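Student: With mature numbering (1 follows the signal peptide of the UniProt record, and there is no 0) as the guide, the letters of the sequence shown map in order to residues -24 to -1, 1 to 136. The structure's right below; bear with me while I get my questions together.
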Amino acid sequence: CLRCLAFLTRSVTFCKLLSITALGCELPSPTPGHMRLVRRTEHRVKYVCDPLHVFPDSGETVRELICTAKHTWHRPLPACIEKRATEGSGLVSHYEQKRRYGDSDNMSDKQADTVYDILIPSLIIAGLFVVNGIVFAVIMRYRNKRKQRLDLESKELAEL
């Protein structure tokens, strides 16, 4: 943009041209699919994917972009894709996929939660108790043998 300012000096009109630079970065137009802009400042924007959608390169539902000094965004803004499409890519766990979208397997969500949240940790704790019991029994056995050996040696020394 150019702007002309007029100054009157000694009845002569001077015109000074100023260039005005843009502040910030332009928003992508049109906004990529399955997302919405939730916050915008001069140097940052925040986008959120629609429910059950994620960014294909990160598997996240939220992306914040930062405007660089060159008035470009520091990373791309791809369209959000269905979370189901990321299965097997390593971005979203298979267990989360089953819980969120439902699966026709024989386990319901409550059964899966019980298995993952209660049963498996309980089995791990029980296994640790068993291992500790075995270690304790081995230690006590060696202590008793050592004590018997010391008692036997002290009897032999007493006889001499």
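Beta carbons: idealized from backbone N, C-alpha and C, even for Gly. Quick caveat: nothing in here was measured; it's all calculated off a predicted structure.
1) Assuming the contact rule is C-beta atoms closer than 8 Å, Met11 and Asp26 should be a hit. Round their C-beta distance to whole Å, please.
2) Hey, Arg20 and Glu40: beta-carbon distance below 8 Å or not?
3) Answer yes or no: do Val14 and Val30 have a C-beta to C-beta separation smaller than 8 Å?
4) For Thr(-4) and Ser5, I'd like the C-alpha separation in whole angstroms.
5) Tell me whether Pro52 sits in a helix, a strand or coil according to DSSP, three-state version.
6) Terminal residues of the continuous beta strand (DSSP E) containing Arg20?
7) What residues match up with Arg15 in a beta bridge as DSSP calls it?
8) Rounding to the nearest angstrom, what Cα-Cα distance links Arg119 and Val107 in this structure?
9) Using the C-alpha atoms, what's the distance from Arg122 back to Tyr92?
10) For Leu53, which of Thr7, Gln124, Leu28 has the nearest alpha-carbon?
11) Measure how close the beta-carbons of Gly103 and Thr62 come, nearest whole angstrom, since I'm counting them as under 8 Å.
Tutor: A quick look at the data gives this:
1) Counted from its first residue, the sequence shown places residue 11 at position 35. Counted from its first residue, the sequence shown places residue 26 at position 50. Contact holds; Cβ gap of about 7 Å.
2) The residue given as residue 20 occupies position 44 in the sequence shown. The residue given as residue 40 occupies position 64 in the sequence shown. A contact, by the Cβ cut-off of 8 Å.
3) Position 38 of the sequence shown holds residue 14. Position 54 of the sequence shown holds residue 30. Contact: no.
4) What you label residue -4 is simply residue 21 of the sequence shown in a count that begins at 1. What you label residue 5 is simply residue 29 of the sequence shown in a count that begins at 1. The predicted position of Thr(-4) is uncertain, since its pLDDT is 47 and thus under 50; a value taken from the coordinates is nonetheless stated next. When rounded, the distance between both Cα atoms is 20 Å.
5) Taking the sequence shown and counting its residues from 1, the one referred to as residue 52 is at position 76. Reduced to three states, the DSSP call for Pro52 is coil.
6) Reading the sequence shown from its first residue, position 44 is the one you call residue 20. Note, Arg20: beta strand (DSSP E), 20 to 25.
7) Position 39 of the sequence shown, counted from the first residue, corresponds to residue 15. Looking at the DSSP assignment, Arg15 forms a beta bridge with Lys22.
8) What you label residue 119 is simply residue 143 of the sequence shown in a count that begins at 1. What you label residue 107 is simply residue 131 of the sequence shown in a count that begins at 1. In this structure, the CA atom of Arg119 is about 18 Å from the CA atom of Val107.
9) As a first step, residue 92 must be located in the sequence shown, where it is residue number 116. As a first step, residue 122 must be located in the sequence shown, where it is residue number 146. Computed Cα separation, rounded: 45 Å.
10) Walking along the sequence shown from the start, residue 53 turns up at place 77. That would be Thr7, whose Cα lies nearest to the Cα of Leu53.
11) Reading the sequence shown from its first residue, position 127 is the one you call residue 103. Reading the sequence shown from its first residue, position 86 is the one you call residue 62. With 8 Å as the limit, Gly103 and Thr62 do not qualify as a contact, their Cβ atoms being about 34 Å apart.
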